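Participant: Please read through the structure below; I'll follow up with questions.
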Amino acid sequence: MTTFSCITVEQTHALGLQLAKHLTPGDVVILDGPLGAGKTTFTQGIAAGLDVRGPITSPTFVIYRIHPNNAAGPALIHLDAYRLNSLAEVDDLDLDSNLYNAVLVAEWGSGKLENIADEYLVVEFTRNDDDSRRITFIPNGNRWDDLITSGIA
Ligand SMILES: Nc1ncnc2c1ncn2[C@@H]1O[C@H](COP(=O)(O)OP(=O)(O)OP(=O)(O)O)[C@@H](O)[C@H]1O
Ligand SMILES: [Mg+2]
Numbered sequence: 134m135t136t137f138s139c140i141t142v143e144q145t146h147a148l149g150l151q152l153a154k155h156l157t158p159g160d161v162v163i164l165d166g167p168l169g170a171g172k173t174t175f176t177q178g179i180a181a182g183l184d185v186r187g188p189i190t191s192p193t194f195v196i197y198r199i200h201p202n203n204a205a206g207p208a209l210i211h212l213d214a215y216r217l218n219s220l221a222e223v224d225d226l227d228l229d230s231n232l233y234n235a236v237l238v239a240e241w242g243s244g245k246l247e248n249i250a251d252e253y254l255v256v257e258f259t260r261n262d263d264d265s266r267r268i269t270f271i272p273n274g275n276r277w278d279d280l281i282t283s284g285i286a
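So, in C-alpha cells, the structure goes:
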C-alpha cells in the first residue's frame with residue numbers, strides 16, 4: 134500500500150500518467166471514492182500516459198467507453214460502475230473479450246469488479262478540507278505487489 138498527496142488537479146493527473154507507464158494489456162484498475170474525488174481526473178492522466186483517443190469524460194449515459202490507442206499500445210476501457218447493481222450485470226458486459234489488448238479502469242468498481250480478474254489494483258481517493266486528495270494504491274495479487282513495492286515513479 135502506498136499513499137500520495139495530490140494538492141492540485143495537475144498532480145492528480147500526473148499521478149495517473151505515471152501509473153499508465155507501467156500498465157499492460159489485461160490490467161484492471163478499480164477507482165474508489167466519493168463524487169468529485171478525482172477519479173475521472175486521474176483517468177484522464179492514465180489516458181494521456183497510454184496515448185489513447187479522447188476525450189475522457191465521466192461516462193454518464195453509457196456504462197463504458199473504449200478509447201483506442203493512437204499508436205501500438207493498449208486501448209483504455211473506461212467504465213462507470215455506479216449504476217451496475219451486481220456481479221452478474223458486470224458479467225453481461227462481456228468485458229473479458231476486450232481485455233486482451235486493453236486496460237480496464239473502473240470508477241465505482243469496488244465490490245463489483247473484483248471478479249473480472251485474479252489480480253487488480255485498487256486506487257482509493259479521499260478529499261481533504263483544503264481540496265487536496267489522498268490517493269492510496271492497494272495492490273491485489275503478485276503483479277501489483279511487485280509494482281507497488283518497486284514504486285511507480
Ligand atoms: N487535487 C485535486 N485533484 C483532483 N481534482 C481536484 C483537485 N482539486 C480540485 N479538484 C476538482 O475536483 C473535481 C474532480 O472531479 P472528477 O470528475 O475527477 O471526480 P470523480 O471522482 O470522477 O467524480 P464522479 O464520482 O462524479 O465521477 C474537478 O472539478 C477538479 O477540478
Ligand atoms: Mg468520474
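Here the sequence shown stands for residues 134 to 286, numbered as in our numbering.
Just so it is clear, CB atoms sit at the ideal spot from N, CA and C, and this is done for glycine as well.
It should be emphasised that the depicted structure is a prediction, and the values quoted were computed from it without experimental measurement.
1) Given 7 Å as the limit, tell me if E257 has its C-beta closer than that to any heavy atom belonging to ligand 4.
2) Please determine whether the Cβ atom of A147 lies at a distance below 7 Å from any heavy atom of ligand 1.
3) Are there 16 or more other CB atoms within 10 angstroms of the CB of A214, so buried, or fewer, so exposed?
4) What beta strand (DSSP E) runs, 3 residues minimum, are completely inside the stretch 189-248?
5) Is the stretch 253-270 touching the stretch 218-232 in the sense that three or more CB pairs, one from each, lie closer than 8 Å?
6) Bridge partners of V256, per DSSP?
7) Less than 8 Å between the C-beta atoms of I199 and A235, yes or no?
8) Quick one: residues with CB closer than 5 Å to any heavy atom of ligand 1, in chain order, please.
9) Can you list, in chain order, the residues of its chain with a C-beta nearer than 7 Å to that of G206? Leave out the 5 residues immediately preceding and following it.
10) When burial is assigned at 16 or more other CB atoms within 10 Å of the CB, is F270 buried or exposed?
11) For E252 versus R276, is the C-beta spacing smaller than 8 Å?
12) Between which two residues does the beta strand (DSSP E) harbouring T136 extend?
13) Below 8 Å on the Cβ atoms is my contact criterion, and I expect A180 with G169 to pass it. Report the Cβ-Cβ distance as a whole number of Å.
Facilitator: In short:
1) Of the ligands this structure carries, namely ligand 1 and ligand 2, none is ligand 4.
2) Position 14 of the sequence shown, counted from the first residue, corresponds to residue 147. No.
3) For this step, residue 214 is matched to residue 81 along the sequence shown. That one is buried.
4) 197-200, 208-213, 235-240
5) no
6) Walking along the sequence shown from the start, residue 256 turns up at place 123. V256 is bridged to L164, F270.
7) Here residue 199 corresponds to residue number 66 of the sequence shown, with the count starting at 1. Here residue 235 corresponds to residue number 102 of the sequence shown, with the count starting at 1. Their beta carbons are under 8 Å apart, which means I199 touches A235 by this criterion.
8) C139, V142, T145, L168, G169, A170, G171, K172, T173, T174, S191, D264, R266
9) Against the sequence shown, residue 206 aligns to sequence position 73. If we look at G206 and ignore the five residues flanking it on each side, its Cβ neighbours are L183, D184.
10) Taking the first residue of the sequence shown as position 1, residue 270 is located at position 137. The residue is buried, with at least 16 neighbouring Cβ atoms inside 10 Å.
11) Along the sequence shown, one-based indexing puts residue 252 at 119. Along the sequence shown, one-based indexing puts residue 276 at 143. The answer is yes: Cβ separation under 8 Å.
12) Taking the sequence shown and counting its residues from 1, one reaches residue 136 at position 3. Its beta strand (DSSP E) spans residues 135-139.
13) Mapped onto the sequence shown, residue 180 falls at position 47. Mapped onto the sequence shown, residue 169 falls at position 36. Rounded, the Cβ-Cβ distance is 19 Å, inconsistent with contact.
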